[in-house]
Structures are given as structure tokens and as C-alpha cells.
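Undergrad: Heads up: the sequence shown at position 11 corresponds to 24 in the working numbering, and the numbers run straight through without jumps.
We treat Cβ as the ideally placed atom computed from N, Cα and C, and that holds for glycine.
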Amino acid sequence: MTGSRTVTVHTLDHGAITIPEPVWCAGHADLSAEYRDDVHHSGPEHVVDYDGQAVLTAELVEFPFGMRPIPASVHVDIVIPGATLDPPALEALAAVLVEQAAELRQLALRLAVLRAGGAW
């Protein structure tokens, strides 16, 4: 859902554009001089660490001007570096993945509410 605020982003191909900014957007302070297709909204990032490394990130995003506009969606990156694990470490990794599956399900529910017109 779009809030009452707007933001002006400077682009290389369309100059300054003013767009409505969803209330969940974390801002556009560092997004100058990009192409209009690349202008996007992003919310706070959800980061999961395992053994001191980020293994999963999830972030609410929207690309209103892309060649194929993307409505509010959750962008997920999963990176599990190669590792040789003993039984306890393998169990610990499995526990993290199960916990994160539950978190992703919660994000899916929140996204469905947002797309239906509710708040994030």
C-alpha cells in the first residue's frame, strides 16, 4: 500500500522522477543517477546467520518501472557455503533451515496481506 509521501529520484535516462513511496520502504537516499527501470523500493532486510556467515536474506521489494514491473514481493538470497559437517553441526544447520522455513511462511502471509491492500 502506498503512503502519502513521495520521493524524487534522479535517473540517467528520465532525469528527476517523483514517485509515491510505500510506507514500508526504507528510503532512497543513496539511489541517485540510476536508470528508471532500476528504481525500486526496498524494506528492511531479514538476515540469517549460521556459523558467523549470512546464509539467508529476505527483503520486501517493488520495481514499479522495470521492463516487467514487479509488484511488492520478497527477494530471497540463500547462500550456504560448502562445508564438511559433523553430526552436531549438520543438526544445527538443519535446525536453522527449519526455523527459517517458518519465517519465510510468515513473510508470505504478510506479503499476501500487503498485496490485498493491508499493511506490512
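So the beta strand (DSSP E) residue 68 belongs to, where does it begin and stop?
TA: That run of the beta strand (DSSP E) goes 66 to 76.
Undergrad: Mind the definition here: the segment 27 to 42 touches the segment 108 to 123 only if three or more C-beta pairs lie below 8 angstroms; say whether that holds.
TA: No, the segment 27 to 42 is not in contact with the segment 108 to 123.
Undergrad: Terminal residues of the continuous beta strand (DSSP E) containing residue 35?
TA: Counting along the chain, the beta strand (DSSP E) containing residue 35 begins and ends at 28 to 35.
Undergrad: Measuring alpha carbon to alpha carbon, tell me which residue in 59, 18, 67 is nearest residue 74.
TA: That would be 59, whose Cα lies nearest to the Cα of residue 74.
Undergrad: Look at the Cβ atom of residue 56, then the Cβ atom of residue 34, and state whether they are nearer than 8 angstroms.
TA: No. Outside cutoff.
Undergrad: Please report how far the alpha carbon of residue 39 lies from the alpha carbon of residue 132, in whole angstroms.
TA: Residue 39 and residue 132: Cα-Cα distance of roughly 15 angstroms.
Undergrad: Quick check on the DSSP output: the alpha helix (DSSP H) that includes residue 104 runs from which residue to which?
TA: Unbroken alpha helix (DSSP H) run through residue 104: 100 to 128.
Undergrad: Buried or exposed for residue 69, please, with buried defined as at least 16 other CB atoms from any protein chain shown within 10 angstroms of its CB.
TA: It counts as buried.
Undergrad: What did DSSP end up calling residue 18 once you bin it into helix, strand or coil?
TA: DSSP places residue 18 in strand when its eight states are reduced to three.
Undergrad: Flag this pair as yes or no: are the beta carbons of residue 61 and residue 24 separated by less than 8 angstroms?
TA: Not in contact: residue 61 and residue 24 (Cβ atoms no closer than 8 angstroms).
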